[in-house]
């Protein structure tokens, strides 16, 4: 498609012909106030907030429904356009309750931002004259609706119609009394909580995050959801209150057009809870907490004892770095290593959009690194094993064998348990169901510092380099040359 | 990067020879010394704690308190403005949903560490609900342990203000 050149204020930009003016501005980092437009949804043009002045046109035009043309000259900051925007924002705020102190959206609210930019600072309407509507209505699926804060941009309505295909949010009423309401129980077909991100104001908020923390305190890491093989790109939002531990408060989808677009499923979004709670934080031997040095000496004695048959199992939940470290570790001690099996396949979880049946985030990585995944060889080896080194696997073992477990959460049936950092506390690479290599990094800090699996195994074999990223970068390319240039 | 040369003053011999300025300083110090030692009854002294100061003004920033609404319930809505504005980060808040129907949000925990507080009053400035004030005129805080200086929500609510009105005066900041 051919490109056209246009001028926006003092910037000269080139963009593909036919693109929407607002998208060109957003892609180039230019500020343009808007409520109803969203990249993932079709232009609607109902909020009228994105008014710009286009040379040759009599009246202000909306940027969200205007395709760009060659030689177009656009102005966004002239006094008359500022006056237009101020007037539109005044109408949006006509019946707004201005309850920012108790609104979870405060800090990431479009109304707040635009008010600072083009706000009418002396209201024409007294607070007592405002129209009141329903507040804190629990719609279900962790979504809370506040009709007074709504600007009726209908992003949520369009999302449930066009994307989630559930069509259970509608606009009812007329004029100033129009409100968003749910038809029956709001489910969003398992994608309901995306409307919380889509809502530019505090009308739709999450009951899971409700009053948990103020958003400006949260630190955000770029990570990958480990809930299924799709590997949706996410933000990990975490914060440690004074004297408290670093806690994950919410997961939000991070834009990646190749994988998840702007969205993620509700199951993935709630999955952060298991990273906060019920974690394995110190080594255990026979159910009792003990020191790392004691556990290490026991483990080394077992590894050096050639009379015992040892077998290792590894799950596809680990990053490529961790899988490679397990492989190197087992090769060094000549322990047969087997990979995951059917346990994490859950056909009922799959749907037509993002969710896939494979609940493990890195099965493709496991296979790429050449780890044996055949169930027959594994079961035969397990039946003869006296000690099983279990790297986060969940296979049931015969009662004969002793389980040495490396994992993030306690295991009820393990002789020895070694705590390992979860994905929110380390960084690594995963390969998703479409064979896309993705990087994640997390910086959640536990009060007890947890090592990632590759660093822990490095300590066991006294290899300092195992804790470093460049070593694994080189080793992974060595093990799987097809990863060259994809890490 | 440009530099701006500031002209240096005090180049005369009298100014560079600092003993003359020293002499002026000593004259003030010894002036007070002799005046007080010759007439000890005239020294301006407050016999604290038998005599309490009576010159604390309404602007004085003392111990904090949390105000009440007209119905006697807590005025604070746990918006975190005070904690955000606090330069000493001495305010710890945990919010919860309020279920009595008066408001939607309230603090479950509201603690001020007085050992960390610098009594700047920024929390009072930031509050949109007039829920926190420093108008108690309490200037003396004592305790036997560090933990005694962490004031809880209940203690802050029980602390009385020194002036009327004692209730939150916020109008329409929230409902």
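Chains as they are written, first to last, in our numbering: chain X, 0 to 486; chain G, 2 to 176.
Cβ coordinates follow ideal geometry from the N, Cα and C atoms, glycine included.
Out of the options, which one is the CA nearest neighbour of residue i?
| i | options | result |
| --- | --- | --- |
| residue 174 (chain X) | X:238, X:145, X:214 and X:90 | X:90 |
| residue 165 (chain X) | X:357, X:172 and X:155 | X:155 |
| residue 285 (chain X) | X:413, X:279, X:260 and X:370 | X:413 |
| residue 81 (chain X) | X:31, X:310 and X:433 | X:31 |
| residue 355 (chain X) | X:365, X:364 and X:344 | X:344 |
| residue 362 (chain X) | X:291, X:303 and X:435 | X:435 |
| residue 334 (chain X) | X:319, X:283, X:387 and X:290 | X:387 |
| residue 77 (chain G) | G:64, G:96 and G:89 | G:96 |
| residue 380 (chain X) | X:124, X:364, X:475 and X:336 | X:336 |
| residue 80 (chain G) | X:148, X:93, X:102 and X:113 | X:102 |
| residue 60 (chain G) | G:139, G:85 and G:39 | G:139 |
| residue 84 (chain X) | X:108, X:112, X:104 and X:303 | X:112 |
| residue 305 (chain X) | X:258, X:385, X:119 and X:441 | X:385 |
| residue 364 (chain X) | X:163, X:74 and X:478 | X:478 |
| residue 439 (chain X) | X:35, X:287, X:234 and X:37 | X:234 |
| residue 375 (chain X) | X:339, X:391 and X:368 | X:339 |
| residue 163 (chain X) | X:139, X:445 and X:190 | X:190 |
| residue 224 (chain X) | X:14, X:198 and X:253 | X:253 |
| residue 237 (chain X) | X:228, X:213, X:168 and X:203 | X:213 |
| residue 144 (chain X) | X:185, X:202 and X:94 | X:202 |
| residue 44 (chain X) | X:79, X:11 and X:157 | X:157 |
| residue 276 (chain X) | X:247, X:46 and X:291 | X:247 |
| residue 447 (chain X) | X:486, X:4, X:278 and X:21 | X:278 |
| residue 99 (chain X) | G:123, G:113, G:124 and G:128 | G:128 |
| residue 50 (chain X) | X:222, X:151, X:12 and X:87 | X:87 |
| residue 444 (chain X) | X:243, X:457 and X:431 | X:243 |
| residue 476 (chain X) | X:453, X:319, X:408 and X:194 | X:319 |
Just mark residue i as buried or exposed, buried being the case when its beta carbon has 16 or more other beta carbons within 10 Å.
| i | result |
| --- | --- |
| residue 94 (chain G) | buried |
| residue 405 (chain X) | buried |
| residue 33 (chain G) | exposed |
| residue 68 (chain X) | exposed |
| residue 215 (chain X) | exposed |
| residue 146 (chain X) | buried |
| residue 132 (chain X) | buried |
| residue 351 (chain X) | exposed |
| residue 317 (chain X) | buried |
| residue 471 (chain X) | buried |
| residue 416 (chain X) | buried |
| residue 468 (chain X) | exposed |
| residue 149 (chain G) | exposed |
| residue 232 (chain X) | buried |
| residue 315 (chain X) | buried |
| residue 272 (chain X) | exposed |
| residue 126 (chain G) | exposed |
| residue 424 (chain X) | buried |
| residue 307 (chain X) | exposed |
| residue 123 (chain X) | exposed |
| residue 109 (chain X) | buried |
| residue 75 (chain G) | buried |
| residue 61 (chain X) | buried |
| residue 282 (chain X) | buried |
Note down, in chain order, every chain G residue with its Cβ under 8 Å from the Cβ of residue i.
| i | result |
| --- | --- |
| residue 209 (chain X) | 98 |
| residue 480 (chain X) | Here the premise fails: no neighbours, minimum Cβ distance about 50 Å. |
Kindly list, in the order they appear in chain G, the residues whose Cβ is closer than 9 Å to that of residue i.
| i | result |
| --- | --- |
| residue 240 (chain X) | 93, 94 and 95 |
Chain G partners of residue i, CB-CB under 7 Å?
| i | result |
| --- | --- |
| residue 135 (chain X) | 105 |
Give me the chain X residues within the contact set of residue i, using Cβ-Cβ distance strictly less than 9 Å, ordered along the chain.
| i | result |
| --- | --- |
| residue 85 (chain G) | 213, 215 and 216 |
| residue 90 (chain G) | 241 |
Mind listing the chain X neighbours of residue i? Cutoff is C-beta to C-beta under 7 Å, in chain order.
| i | result |
| --- | --- |
| residue 81 (chain G) | 213 |
What residues of chain X sit near residue i, judged by a beta carbon separation below 8 Å?
| i | result |
| --- | --- |
| residue 78 (chain G) | 100 and 101 |
The ligand NAP and residue i: does the residue's C-beta get closer than 6 Å to at least one heavy atom of that ligand?
| i | result |
| --- | --- |
| residue 47 (chain X) | The ligand content of the structure shown is nil, which means the ligand NAP is not present either. |
Self-check item: Unbroken stretches of the beta strand (DSSP E), 3 residues or longer, contained in the stretch 380 to 414 of chain X
Solution: Listed in chain order, the complete beta strand (DSSP E) runs (minimum 3 residues) inside the stretch 380 to 414 of chain X are 386 to 390 and 401 to 406.
Quiz item: Can you list, in chain order, the stretches of the alpha helix (DSSP H) that have 4 or more residues and sit fully within the stretch 276 to 316 of chain X?
Solution: 291 to 303
Quiz item: If contact means a Cβ-Cβ distance below 9 Å, which residues of the stretch 75 to 101 of chain X contact chain G?
Solution: 96, 97, 98, 99, 100 and 101
Self-check item: Members of the stretch 124 to 143 of chain G that neighbour chain X once the beta carbon cut-off is set at 7 Å
Solution: 129 and 130
Quiz item: Fully enclosed by the stretch 173 to 230 of chain X, which alpha helix (DSSP H) runs are 4 residues long or longer?
Solution: Listed in chain order, the complete alpha helix (DSSP H) runs (minimum 4 residues) inside the stretch 173 to 230 of chain X are 193 to 197.
Self-check item: Inside the stretch 70 to 118 of chain X only - alpha helix (DSSP H) runs reaching at least 4 residues
Solution: 78 to 91 and 109 to 117
Practice problem: Please go through the stretch 54 to 78 of chain G and give each complete alpha helix (DSSP H) segment of 4 or more residues, from N-terminal end onward. | Solution: none
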